[in-house]
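*Asks:*
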Amino acid sequence: MITEAELLAHAVRNNADWCAVMCRAHGLTGTFGPRAWTSPRRAPLYYPDAVTLTEDATAADLLPGIDRTAPGASVKDSHARLDLAAEGFRLLFEAQWIHRPAPVSPPPAEGWRPVRTPDDLAAWALAWSGGDADEAALFRPALLADPTTTIVAGHAADGRILGGAVLTESAGVTGVSNLFTADGVPASYAWTGALAHAAPGLPVVGYESGEDLDAALAAGFGTLGPLRVWLAR
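So the sequence shown is numbered by the working numbering: it starts at 1064 and just counts up by one.
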């Protein structure tokens, strides 16, 4: 049986894999080292320039591999072990890694289906961003060709997108990220749809904070430990 420490390591690696996928969709190539993943060029909006992979990662494993020529570089401290204030960073936010057991033949979620075409992805991204076209441009069609990534959307009877999520299958787990709902739909709707499309037999992981964490716990998740995101001044 997998331990929580092993599951945390899988969740961390899975999230770093998703960050690398997003970077590749934007023409950026990151590097996986023994203790960290880093991108030598600034990562896309909302994505870190470095991710720690192990508890013993230090600033020396991260900072030489990222672009710090201008403010705004970010670091995901996956085990909440670093203090980067002396390096010119401020704490942006804290969150909790989450997990739940592998879905066992979950019932279909009505109105939910994978996003398959660039046009559907564009509509999904606009719903995710609340109609902000600049933020929606984060999700590029190259993501649809990645074999580890499935983007799912929940639709109303009239075709409106009411929720969505990104599923990343790697490191022996399914990672859930970018989960959202629209038009006042509760978060439970998105968790139901995401879990219905998660790979059978694989634990489900991710991270959340605040009210989003409360919604994940209500959906049957437990916590694995804290993480921090640092932003360079």
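Quick reminder that beta carbons are idealized off the backbone N, C-alpha and C, glycines included.
Alpha carbon to alpha carbon, how far is TRP1187 from ASP1146? Give it in angstroms, no decimals.
*Replies:* Cα to Cα, ASP1146 sits roughly 37 Å from TRP1187.
*Asks:* According to DSSP, PHE1243 sits in a beta bridge with which residue or residues?
*Replies:* Beta-bridge pairing links PHE1243 to GLY1227.
*Asks:* Starting from the N-terminal side, write out each stretch of the beta strand (DSSP E) that is 3 residues or longer and does not extend beyond the stretch 1144-1222.
*Replies:* The qualifying runs are 1152-1163, 1175-1177, 1212-1218.
*Asks:* Just mark PHE1156 as buried or exposed, buried being the case when its beta carbon has 16 or more other beta carbons within 10 Å.
*Replies:* Exposed is the call here.
*Asks:* How about ARG1296 and PRO1134: are their beta carbons less than 8 Å apart?
*Replies:* Taking 8 Å as the Cβ cut-off, ARG1296 and PRO1134 qualify as a contacting pair.
*Asks:* Starting from THR1115, trace the beta strand (DSSP E) both ways and give me its first and last residue.
*Replies:* Start and end: 1113-1115.
*Asks:* Check this for me: beta carbons of GLY1174 and ALA1219, under 8 Å apart or not?
*Replies:* The answer is yes: Cβ separation under 8 Å.
*Asks:* Following the continuous alpha helix (DSSP H) through LEU1290, name the residue where it begins and the one where it ends.
*Replies:* First-last for LEU1290: 1285-1295, but that is the beta strand (DSSP E), not the alpha helix (DSSP H).
*Asks:* What is the rounded straight-line gap between the Cα of SER1321 and the Cα of ALA1205?
*Replies:* The structure shown has nothing for residue 1321, since the chain only spans 1064 to 1296.
*Asks:* Taking C-alpha atoms, which residue in ARG1291, PHE1202, GLY1222 lies nearest to ILE1214?
*Replies:* Checking every option, the nearest Cα to that of ILE1214 belongs to PHE1202.
*Asks:* DSSP three-state label for THR1066, please.
*Replies:* In the structure shown, THR1066 sits in coil (DSSP, three-state: anything other than H, G, I, E or B).
*Asks:* Quick check: what's the CA-CA separation for ALA1058 versus HIS1142?
*Replies:* Lying before the first or after the last residue shown, residue 1058 is absent from the chain, which here runs from 1064 to 1296.
*Asks:* In terms of residue numbering, what span does the beta strand (DSSP E) encompassing SER1043 cover?
*Replies:* In the structure displayed, the chain extends from 1064 to 1296; residue 1043 sits before or after that span and is not available.
*Asks:* What separation, rounded to the nearest whole angstrom, lies between the Cα atoms of TRP1100 and LEU1108?
*Replies:* Rounded to the nearest angstrom, the two C-alpha atoms are 17 Å apart.
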